[in-house]
Structures are given as C-alpha cells and as structure tokens.
Amino acid sequence: MSALWIAARRDLLLAARRRSEVVTALFFFVVVVTLFPLGIGPEPELLRRIAPGVIWVAALLATLLGLPRLFAADHADGTLEQMLLSPQSFTLLVAGKIAAHWLLCGLPLVLIAPLLGLQFDLDVGTLQVMVVALLIGTPVLSLIGAVGAALTLGVRGGGALLALLVLPLFIPTLIFGAGAVEAHAAGLGAGPQLSILGALLAITVFFAPWAATVALRIAIE
C-alpha cells in the first residue's frame, strides 16, 4: 500500500502550496448553504425540512469543483506518464490521488457541516446522522468523480462534459444521503439508508480506481 500513500502524500503536499484551490470548494459550500436560510426566512419547520437536501446538494457541487483538476496538472507536466511507467501499481497510485482529493475536498465539508446545520435548527441527533451520512457518502462522490475526470482528461470543454457524466451517477448517493437525515428526523431510523450508502462505498472503492486507471491509460496513449 506504499504506492497509495506516496501518491496521496504528494498531492497533499502540493495542495498545501496551493491552498486557494482547497479553500475555494469549502468557501463555496459555506456560502451556498448559508444563503438558503437567509433567502427563505426564519421558519424553523421549513428550514428543518429542506436542510438535508440543501447540505447534500451543496456538498455535491463543492466536490464537483475540484474534479477537473484531479488529473489535469499531472497530465500536463508528464507526471501521469511517469506514474504509468513506474514499478509501483498504477491503480494504487490513482487510488492515492483519489484519497487525497477526498481529504482535501470531502473531509473539510464533513467537519464543517454540523456548524452549518445549526442554521437550519437541526437537533444533535440529526446532526450526528448527517455527519455519518456525509462521511460515508462524500468518498463515493470523489470515487465516481475520479472516473469522470479520467474519461474527460484532455477533452476540450471537459469541465462541462464531466458534470454531464457524473451528476446522474451522483443521484443515488444524494437520495440516500439526504434520505438518511430525513428518516432520522421523522423518527423512522436511518439504518437502511446508511447501509445502502455503505454498499455504494464498497462498490465504488472496488471498481472506481480500476475504471479510472483504464480511462487514464487510454488518455495517455
């Protein structure tokens, strides 16, 4: 697993030198979520009802912001070719880059989501379920998005094409992630939705790095 750690550590160090790219996604998430209570008004019941969907849609869009840059810089400077030719597993190197993307774009959203949830008058139990759902679901977004980023690498207008490819694939995660929070708030229990999110995570962890690797080989060749 050293290849995975090497790739993840490299991307984290590079991101530390370009902090604006990381802050942009987080700032976008905070602004989008905050605008809804300001625009709708201080009606607690309405805010509690829309909170899961608002937070999840904002997280989805914030994750999407960083996807076009996931492989683009390494493709431009020849790093991807070096990774492909290295003795390390190319699939694990790609998996490391995906892990770094989640640590930079997904994990900060998970950590700040409870503070933003207070704007929607969510109770502690609902906030806990929301954090768990985001913790399981945001890696799925990064994994699926990485496949889309690999497929559109080097394509003119790749950002728009990437959104068209991955947004329909994000819908199940969005539905079950927001549904877990809504089910808990309604007193029905979030277990089934969280279980499905866990299944989606297991499937994407297994298939997404391999699919992204195949797409990157095609783009490089």
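Residue numbering for the sequence shown follows our numbering, starting at 6 and increasing by one per position. For each residue, glycine too, the CB sits at the ideal point set by N, CA and C.
Tell me which same chain residues have a C-beta within less than 6 Å of the C-beta of Gly153, skipping the five on either side of it?
Leu167, Leu170 and Val171
Residues in the same chain with beta-carbon distance under 6 Å from His106, minus the five sequence neighbours each way, listed in chain order, please.
Only Leu75 and Ser147 meet the Cβ criterion.
Considering Phe211, what are the terminal residues of the alpha helix (DSSP H) in which it resides?
Gly196 to Ile225
Considering only their Cβ atoms, is the gap separating Ile60 from Gly122 smaller than 8 Å?
yes
Mind listing, in chain order, the continuous alpha helix (DSSP H) runs of no fewer than 4 residues lying wholly within the stretch 40-87?
49-71 and 74-81
Rank Ala188, Leu51, Glu50 and Ala67 by C-alpha distance to the C-alpha of Val36 and give the top, closest one.
The option with the nearest alpha carbon to Val36 is Ala67.
Where does Val119 sit, in a helix, a strand or coil, going by DSSP?
Looking at the sequence shown, residue 119 is not Val but Pro. Under the three-state reduction of DSSP, Pro119 is assigned to helix.
Exposed or buried, what is Asp128 when buried is set at 16 or more other beta-carbons lying within 10 Å of its beta-carbon?
exposed
I need the DSSP call for Gln93, collapsed to helix, strand or coil.
coil
How many angstroms separate the CA atom of Ile149 from the CA atom of Thr209?
7 Å
Which value, in whole angstroms, describes the spacing of the CA atoms of Arg54 and Pro92?
52 Å
Any idea if Val28 is buried or exposed, counting beta-carbon neighbours within 10 angstroms, 16 or more meaning buried?
Around the beta carbon of Val28, fewer than 16 other beta carbons sit within 10 angstroms, so the residue counts as exposed.
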